[in-house]
Structure formats: C-alpha cells, structure tokens
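*Asks:* The numbering used here puts the first residue of the sequence shown at 56, with every later residue one more than the last.
My questions will all concern the structure given below.
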Amino acid sequence: MTKPAVRCALVYVIFAVLFASNAFAKAVTVMTYNVENMVDVFDDPYTTDEQVEVKRRESIEAIAKAIAQVDPDVVVFQELENEYLLQAMADSFLLGKGYKHIACQRTNSSRGINLGVMSRYPIDRLASYRFRELTNPEYPGETWRFARDAMHITLDIGGSPLHLLDVHLKSNSSVPGDKQSMKWRCAEVLGIKRIARDILTQQPDALLLVMGDFNSNIETRPEQNRPWPATQLMRKPEADGSALLYDVHDGGAYENRVSIKGDSRYPAAVFDYIYASPAMHKRLIKDSQNVYRDKELTSGSDHLPVYASFEIGE
C-alpha cells in the first residue's frame with residue numbers, strides 16, 4: 056500500500072471511530088411552561104372553565120413564538136385544557152417544527168386546567184397518579200391527592216427511555232386547616248419523590264426529569280423571611296445522604312431564576328423547576344439551563360418558560 060493510501064486509510068479509521076463514538080449522542084432540550092388558563096371557547100359543563108377568559112389567539116401565538124425561539128425537543132405544559140389546543144397551536148404557529156407527538160390528560164382540577172406534552176420524540180406511554188393517596192408523616196391521619204396530577208410521560212428517544220414527570224402543585228391559596236396549602240404541597244412533593252424513587256429503584260440509571268410549576272419558591276429569598284417547606288423537601292437528601300433529584304438551575308442567581316412575573320396575587324418568584332435524576336444530571340450540558348424572558352414573546356402567560364439541554368446517548 057502506498058503512503059498516500061495508508062494516510063487515507065488512517066484518516067478513514069479516525070473518522071469512523073469518532074462517528075461511532077457519537078452515533079447515538081444527541082442534545083435533547085426540554086422545556087416546562089405554565090401557559091396560564093389556556094382554555095378554548097367551548098364550555099366543559101363538568102369544570103369551571105367558564106370562570107376564566109378564553110385564551111386569545113395572540114396569547115397563544117406569543118407562547119408559540121417563545122417556544123420556537125428556544126426550539127426545545129420536548130415541552131411539558133401546565134394549565135392546559137386539552138390536547139386539541141396544543142395541536143392547533145402546533146399546526147398554526149409551529150408548523151414544520153416537528154412536534155408530531157401531542158397529548159393531554161385530565162387531572163383532579165375542577166377548573167379544567169390539565170397537564171400536556173408536545174414532543175418531537177414518540178410518546179411510548181402515559182401514566183397518571185391522580186388517584187394516589189398522599190400522606191405526610193408530620194400530619195398523621197390526614198390524606199390528600201394531587202391537586203392536579205403527576206403526569207408520567209415515557210418518551211422513546213432511542214436506547215434508554217426518557218421519563219418525565221409533569222407536575223403542577225397546589226396553589227398558595229389556603230384550604231381549611233392548611234394556610235397557604237403548605238401541608239398539601241408537601242404531601243405532593245413526598246408523593247413525587249416516592250414515584251421517582253420507585254423508578255430509580257427499578258432502574259438506578261434511569262433518565263428521569265421532574266418538571267413543572269411547584270408553586271413554591273426557593274428557600275433563600277431574604278426579604279420574604281420565611282421557609283418554603285415544599286422546596287426544602289424536594290432538596291432534602293435521602294437517608295444515606297445521597298441526592299434523589301438535582302435542581303438543574305441550582306446555583307444560579309435568584310433574579311435569573313425568577314419564573315413567575317408577579318401580580319396582585321404573587322410577587323415575582325421562582326415557581327418553575329427542572330429536577331434531574333443522578334444519571335440525567337450527569338448529562339446536563341453546561342450553561343444550557345435558563346429561563347426565557349423576552350418580554351414581547353412571553354406576554355402569553357404569567358409564567359416564563361424554563362428549559363435545559365442534556366446529552367443523551369452512549
């Protein structure tokens with residue numbers, strides 16, 4: 056073999072090795088977005104959806120533009136009435152973006168605000184935990200259910216499945232015997248961690264994300280001078296000191312994490328989170344985690360979209 060032929064063969068081998076090592080590697084960007092009472096013009100007689108204003112076309116278009124700017128592969132939604140609204144948004148404002156897989160499940164919400172997902176990857180399975188009884192050891196004898204649900208979405212991304220828990224915890228409005236619904240949200244967090252723990256017990260290296268609106272601020276906001284127990288519970292280590300889930304935006308400046316703009320009900324706060332299992336957290340692409348805050352393109356909701364990217368594959 057001539058020297059030029061040998062060099063060509065070596066170059067070929069090098070490229071083949073590099074290609075093989077990255078053949079299944081891909082960046083997957085995920086987003087969580089509370090789209091604030093995204094209801095249609097049709098009255099559902101079994102919910103109180105008529106008590107909120109129908110989502111205007113320009114608001115839905117703004118939501119779609121924000122999504123298009125980030126260009127995520129998967130978006131999980133909160134405060135969505137049905138999947139037909141998602142499909143209409145994808146067909147009207149996100150055409151050609153590849154969001155072929157869309158779903159929504161009914162939750163326990165009497166307002167008719169449900170959880171949904173829009174994905175470029177096939178949805179392999181949906182599961183609901185809305186009927187699960189929730190408890191809190193600090194309040195023996197009391198039980199709860201999810202105010203909405205923890206929607207378990209399993210995506211087929213090739214190789215290992217990607218598990219997503221789309222959550223929307225109880226609001227800060229008080230219920231009898233539970234000021235600001237602190238006990239209820241804590242019971243929901245304990246239920247979420249139990250679901251995550253069950254998944255990771257069966258598959259310790261599972262690719263798992265818990266995403267959504269936790270209605271609970273991070274606990275270090277000094278001017279509020281009060282704890283946010285649901286957030287503290289989410290961050291609490293396991294009995295052996297290990298972390299069950301990691302907040303992928305942890306360590307970021309508070310002002311860069313604010314995800315609810317603030318109004319007469321709530322001050323500006325960090326309510327929206329992405330938590331990752333240990334295996335998933337290792338795949339977090341450095342500095343990819345962010346909150347999209349273009350004022351013009353986030354006018355469609357009182358929340359801001361939160362996103363992060365992960366390197367998926369071998």
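Positions of the beta carbon are idealized from the N, C-alpha and C atoms, including for glycine.
In three-state terms, what does DSSP make of asparagine 311?
*Replies:* helix
*Asks:* Just to confirm, are histidine 207 and arginine 180 a CB contact at a threshold of 9 Å?
*Replies:* yes
*Asks:* With three or more C-beta pairs closer than 8 Å as the rule, is the segment 102 to 111 touching the segment 229 to 239?
*Replies:* no
*Asks:* Go through its chain and collect everything with a Cβ distance to serine 165's Cβ below 8 Å, but skip five positions before and after it.
*Replies:* Thr102 and Thr103
*Asks:* Should serine 319 go down as buried or exposed, given a rule of 16 or more other Cβ atoms within 10 Å for buried?
*Replies:* Taking all protein chains in view, the Cβ of serine 319 is surrounded by fewer than 16 other Cβ atoms within 10 Å, so the residue is classified as exposed.
*Asks:* Can you say whether tyrosine 328 is buried or exposed, counting buried as having 16 or more other CB atoms within 10 angstroms of its CB?
*Replies:* buried
*Asks:* Report yes or no: is there a C-beta of chain C within less than 9 Å of the C-beta of methionine 237?
*Replies:* Judged by its chain identifiers, the structure shown contains no chain C, having just a single protein chain.
*Asks:* With a threshold of 7 Å on Cβ separation, who are the neighbours of alanine 123 within its own chain once the five nearest residues in sequence on each side are excluded?
*Replies:* Leu149 and Lys152
*Asks:* Short of 7 Å in beta carbon distance, which residues of its chain neighbour leucine 352, apart from the five on each side in sequence? Order them along the chain.
*Replies:* Ala117, Lys120, Ala121 and Gln124
*Asks:* Tell me which same chain residues have a C-beta within less than 6 Å of the C-beta of leucine 141, skipping the five on either side of it?
*Replies:* Ile157, Gly171 and Met173
*Asks:* Kindly indicate which residue of Arg290, Leu339, Ala308 and Asn169 has the alpha-carbon position closest to the one of glutamate 366.
*Replies:* Leu339
*Asks:* For a test of the three-state rule: what should DSSP assign to isoleucine 367, helix, strand or coil?
*Replies:* In this structure, isoleucine 367 counts as strand in the three-state DSSP scheme.
*Asks:* Mind pulling the alpha helix (DSSP H) runs of 4 or more residues that sit fully within the segment 88 to 173?
*Replies:* Listed in chain order, they are 112 to 125 and 138 to 148.
*Asks:* Does the segment 80 to 94 come close enough to the segment 129 to 145 to have 3 or more Cβ pairs within less than 8 Å?
*Replies:* With a cut-off of 8 Å on Cβ pairs, the segment 80 to 94 is in contact with the segment 129 to 145, counting three or more such pairs.
*Asks:* Suppose the cutoff is 8 Å on Cβ atoms and the five residues either side in sequence are ignored; what does the same chain contact list for arginine 312 look like?
*Replies:* Ile273, His304, Val325 and Val346
*Asks:* Whose CA, out of Leu263, Lys337, Leu135 and Phe97, lies closest to the CA of aspartate 211?
*Replies:* Leu263
*Asks:* Pull up the distance between the alpha-carbon of valine 265 and that of leucine 219, whole angstroms please.
*Replies:* 6 Å
*Asks:* Is DSSP giving leucine 48 helix, strand or coil here?
*Replies:* Absent from the structure is residue 48, since the part of the chain shown begins at 56 and ends at 369.
*Asks:* Please list the segments of the alpha helix (DSSP H) lying wholly inside the segment 279 to 352, counting only runs of 4 or more residues, in order along the chain.
*Replies:* 284 to 290, 309 to 312 and 333 to 336
*Asks:* So if DSSP puts isoleucine 178 in a beta bridge, which residue, or which two residues, is it bridged to?
*Replies:* Leu210
*Asks:* Just mark aspartate 357 as buried or exposed, buried being the case when its beta carbon has 16 or more other beta carbons within 10 Å.
*Replies:* The residue in question, aspartate 357, is buried, as its Cβ has 16 or more Cβ neighbours within 10 Å.
*Asks:* Quick check on this structure: which residue in Tyr362, Arg348, Ala334 and Phe97 has the alpha carbon closest to the alpha carbon of leucine 217?
*Replies:* Ala334
*Asks:* Among residues of its own chain, excluding the 5 on either side of alanine 78, which ones have a beta-carbon nearer than 6 Å to its beta-carbon?
*Replies:* Confidence at alanine 78 is low in this model, with a pLDDT of 40, below 50, so the placement of that residue is unreliable and no value is reported for it.
*Asks:* Looking at threonine 209: is its Cβ nearer than 9 Å to the Cβ of threonine 198?
*Replies:* no
*Asks:* From glutamate 136 to aspartate 146, what distance separates their C-alpha atoms?
*Replies:* 17 Å
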